[in-house]
Amino acid sequence: MVTAIISWLLCFILLAGPTLGLEALAELPRSACMLLIWITLAGVPRAARSTDSEGYPVPMAGLLTRVGLSLALMGPLLCVAGALDHAAGFPPSALCFTLASGTLLALGLQVAAQRSSLSSRGALRYGWGWLTCVLLAPTLQAVAGWDGSPGGTREGWADFAALSPLEWVHGRAMALDFQWPILPAVLAVGLLLLATPPMHPTKDKVGDGEVSA
Numbered sequence: 000m001v002t003a004i005i006s007w008l009l010c011f012i013l014l015a016g017p018t019l020g021l022e023a024l025a026e027l028p029r030s031a032c033m034l035l036i037w038i039t040l041a042g043v044p045r046a047a048r049s050t051d052s053e054g055y056p057v058p059m060a061g062l063l064t065r066v067g068l069s070l071a072l073m074g075p076l077l078c079v080a081g082a083l084d085h086a087a088g089f090p091p092s093a094l095c096f097t098l099a100s101g102t103l104l105a106l107g108l109q110v111a112a113q114r115s116s117l118s119s120r121g122a123l124r125y126g127w128g129w130l131t132c133v134l135l136a137p138t139l140q141a142v143a144g145w146d147g148s149p150g151g152t153r154e155g156w157a158d159f160a161a162l163s164p165l166e167w168v169h170g171r172a173m174a175l176d177f178q179w180p181i182l183p184a185v186l187a188v189g190l191l192l193l194a195t196p197p198m199h200p201t202k203d204k205v206g207d208g209e210v211s212a
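Going by numbering that gives the first Met the number 0, the sequence shown opens with residue 0, and the numbers climb by one from there.
This is the structure:
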């Protein structure tokens, strides 16, 4: 929930950017820039939660509630950003596609990040996956392109960066190029599987002993 509030504040500043003297923001689709902030913060790895007396992870209450609150905070700002972009002349079809796809990616990463906190192993697996594929991939691609070569210096890095939702939404922000976020969606599902805590067997007591069902 803290990350959702931080996202809301940053996106509000983004909306007020031209009024605050940041005229360069008026030339970019603010809906895509806003999604870039939300996707980045929604997937930030969480610390593993404590366990109960028997070693079981403490259940996380209200996952759907947390996702709903995040959507309630970001939804109105995204609608305002989309309306401003439409008034600025950006194609409405491209804006709707960006908003719908970006919102699904952000919510998917948020669910994966929150589920990863249910177990220390899940948190570790998700943390390495997020750092490597979501954050490091576009960073390497950006660094590779500092010499001015289009798409970076190595083609393999561009393919690696295409996995990251951040790379996809950055492309939407800079050019609104039509590209289905298939690889980022696959990555989000993979991170969700990595974050899923292991299933604990149900213990039924029989007499003086315990039998695992």
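Even for Gly, the Cβ is constructed at its ideal location relative to N, Cα and C.
S69 - DSSP class collapsed to helix/strand/coil: One-based indexing of the sequence shown puts residue 69 at position 70. DSSP, read as helix, strand or coil, puts S69 in helix.
Of the residues F11, R171 and S163, the one placed nearest G74, counting alpha carbons only: For the purposes of this step, residue 74 is taken as the residue at position 75 of the sequence shown. G74 has its Cα closest to that of F11, out of F11, R171 and S163.
Assigned secondary structure, Q227 (DSSP; H/G/I helix, E/B strand, else coil): A query on residue 227 cannot be resolved here, the shown segment of the chain reaching from 0 to 212 and no further.
Segments assigned alpha helix (DSSP H), at least 4 residues, entirely inside the stretch 84–134: Runs found: 91–115 and 119–128.
Limits of the unbroken alpha helix (DSSP H) element including P44: The residue you call residue 44 lines up with position 45 of the sequence shown. From DSSP, P44 is part of no alpha helix (DSSP H); its letter is neither H nor E.
Opening and closing residue of the alpha helix (DSSP H) in which L139 lies: As a first step, residue 139 must be located in the sequence shown, where it is residue number 140. A136 to A143 is the extent of the alpha helix (DSSP H) around L139.
Exposed unless 16 or more other CB atoms sit within 10 angstroms - verdict on V57: The sequence position of residue 57 within the sequence shown is 58, counting from 1. Any reading at V57 must be qualified, since the residue scores a pLDDT of 48, below 50, and its modelled position is unreliable; no value is offered.
Three-state secondary structure (DSSP) of S163: On the sequence shown, position 164 is the one that residue 163 refers to. Three-state result, S163: coil.
Other residues of its chain near L98: CB distance less than 7 Å, five sequence neighbours each side excluded: Position 99 of the sequence shown, counting from 1, holds the residue named residue 98. The answer, listed in chain order, is S30, L77 and G81.
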